[in-house]
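J.: Each residue of the sequence shown is one higher than the one before, counting from 7 in our numbering. Don't be surprised by glycine CBs; every beta carbon is placed ideally from N, CA and C.
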Amino acid sequence: MAGPSTEIVRKPRADAVRNRERVLEAAKAVFSAGGSEASLEAVARQAGVGIGTLYRHFPTREALFEAVYRREVEQLGDLAEQLQCAPEPVEALRRWMRANVEFVATKKGMISALALVAHGSTELHAYSFDRLTKAIGTLLARAVAAGEIRGDISAEDVLRALIGMCYMHDQPGWQATALRLLDVFVDGLRLRPAGKPPAAKPARKKAARKPAR
7 MAGPSTEIVR
17 KPRADAVRNR
27 ERVLEAAKAV
37 FSAGGSEASL
47 EAVARQAGVG
57 IGTLYRHFPT
67 REALFEAVYR
77 REVEQLGDLA
87 EQLQCAPEPV
97 EALRRWMRAN
107 VEFVATKKGM
117 ISALALVAHG
127 STELHAYSFD
137 RLTKAIGTLL
147 ARAVAAGEIR
157 GDISAEDVLR
167 ALIGMCYMHD
177 QPGWQATALR
187 LLDVFVDGLR
197 LRPAGKPPAA
207 KPARKKAARK
217 PAR
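1) Where do the ends of the alpha helix (DSSP H) carrying T183 lie?
2) Take F37 as the anchor and find which of V110, D193, V96 has the nearest alpha-carbon.
3) What does DSSP give as the partner residues of I3 in its beta bridges?
4) Does the Cβ of P178 have 16 or more other Cβ atoms within 10 Å, making it buried, or fewer, making it exposed?
5) Closer than 8 Å by C-beta to M7: which residues in its own chain qualify, once you throw out the five before and the five after it? Chain order, please.
6) Among V55, A48, K34, which one has its Cα closest to the Cα of V23?
7) Report, in whole angstroms, the separation of the C-beta atoms of G115 and A44, which I expect to be a contact under 8 Å.
8) For C172, does the count of other Cβ atoms within 10 angstroms reach 16, so buried, or fall short, so exposed?
9) Within the chosen definition, does the stretch 95–109 reach the stretch 61–68 through at least 3 CB pairs nearer than 8 Å?
10) Roughly how far, in whole angstroms, is the beta-carbon of W102 from the beta-carbon of L165, given that I think they are within contact range, below 8 Å?
11) If you reduce the DSSP assignment to three classes, tell me which class S45 lands in.
12) Under the assumption that A86 contacts A141 (Cβ atoms under 8 Å), give the Cβ distance between them as a whole number of angstroms.
13) Confirm, please, whether the CB-CB distance from Y75 to S134 is below 9 Å.
14) In chain order, what residues of the same chain lie with their CB nearer than 8 Å to the CB of Q90, ignoring the 5 residues before and after it?
15) Mind checking whether A50 and A32 have CB atoms under 9 Å apart?
16) At what residue ranges does the stretch 34–106 contain a whole run of the alpha helix (DSSP H), taking only runs of 4 or more?
17) Do L46 and L30 have their C-beta atoms closer together than 9 Å?
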């Protein structure tokens, strides 16, 4: 008596997996740079694959956008896990936030290069915000527990502040501005050691009074 039919799920071939990863890495580099050269053809050239190979993995521009976007979010989540063992909690938090600025640059470049006026996937936005909030939450909680960061700010607050810094403007050089603001923001979250007074302002020199005649 014949048993129930079973569907055999074939794993992707190793070369197909490598090609897909090369395309995703190339797309990140090409779209981050932006400009008129940021096309799907440029991605294929950068990855060293034919345009047909690219389309087999990513049949639409939106599919490529989502794949790169999800990959970047997952890598930020993995980075947060790695940084939990870093010796300095505040610097671990700062390093993760700086990596997020690079992620936003990739996202901005893709939207511009692929002519995506607005990526309307509510599920994708919800997924990324939840994943990134959890990632930054672990690093923030560690810095608070170490007594180095104030405890009256949430992971959502920090992430929204970071997003605001990155989207203040789209002029050339925006990343340098965002990174500078990020450093000011993180330093502002630091706690002073107990009993340590604020730094004294230098005393002004009094002007010499002329002797009365």
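T.: In short:
1) The residue you call residue 183 lines up with position 177 of the sequence shown. It spans 180–195 - the alpha helix (DSSP H) in which T183 sits, taken as one unbroken run.
2) Residue numbering aside, residue 37 sits at position 31 when the sequence shown is read from its first letter. Here the closest residue by C-alpha is V110.
3) Limits of the chain in this structure are 7 at one end and 219 at the other, which puts residue 3 out of reach.
4) As a position in the sequence shown, residue 178 is number 172, starting the count at 1. Under this definition P178 is an exposed residue.
5) Sequence index remark: in the sequence shown, residue 7 carries index 1 (1-based). Low confidence applies to M7: its pLDDT is 49, below 50, so where it sits in the model is not reliable, and the reading given next is rough at best. The answer is none, since no qualifying residue turns up.
6) Start at 1 with the first residue of the sequence shown, and residue 23 comes out as number 17. Its Cα nearest to that of V23, the residue V55 stands out among V55, A48, K34.
7) Within the sequence shown, residue 115 is the residue found at index 109, counting from 1. Within the sequence shown, residue 44 is the residue found at index 38, counting from 1. For G115 against A44, the beta-carbon gap comes to about 6 Å, under 8 Å, which counts as contact.
8) Your numbering for residue 172 matches position 166 in the sequence shown. Result: buried.
9) No: fewer than three Cβ pairs fall under 8 Å.
10) As a position in the sequence shown, residue 102 is number 96, starting the count at 1. As a position in the sequence shown, residue 165 is number 159, starting the count at 1. About 11 Å separates the beta carbons of W102 and L165, which is beyond the 8 Å limit, so they are not a contact pair.
11) Here residue 45 is taken as the residue at index 39 of the sequence shown, counted from 1. Residue state for S45 is assigned as coil, using DSSP reduced to three classes.
12) By 1-based counting over the sequence shown, the position of residue 86 is 80. By 1-based counting over the sequence shown, the position of residue 141 is 135. Between A141 and A86 the Cβ distance is about 4 Å, and since that is below 8 Å, they are a contact.
13) Within the sequence shown, residue 134 is the residue found at index 128, counting from 1. Within the sequence shown, residue 75 is the residue found at index 69, counting from 1. It is a contact, given that the beta carbons lie within the stated cut-off.
14) As a position in the sequence shown, residue 90 is number 84, starting the count at 1. So the list reads A98, T144, L145, R148, once near-sequence residues are dropped.
15) The residue you call residue 50 lines up with position 44 of the sequence shown. The residue you call residue 32 lines up with position 26 of the sequence shown. Between A50 and A32, the C-beta gap is smaller than 9 Å, which places the two residues in contact.
16) Those alpha helix (DSSP H) runs which fall completely within the stretch 34–106 and span 4+ residues are 46–53, 57–63, 67–89.
17) If you number the sequence shown from 1, residue 46 lands on position 40. If you number the sequence shown from 1, residue 30 lands on position 24. Annotated as distal: L46 and L30, with beta-carbon spacing of 9 Å or more.
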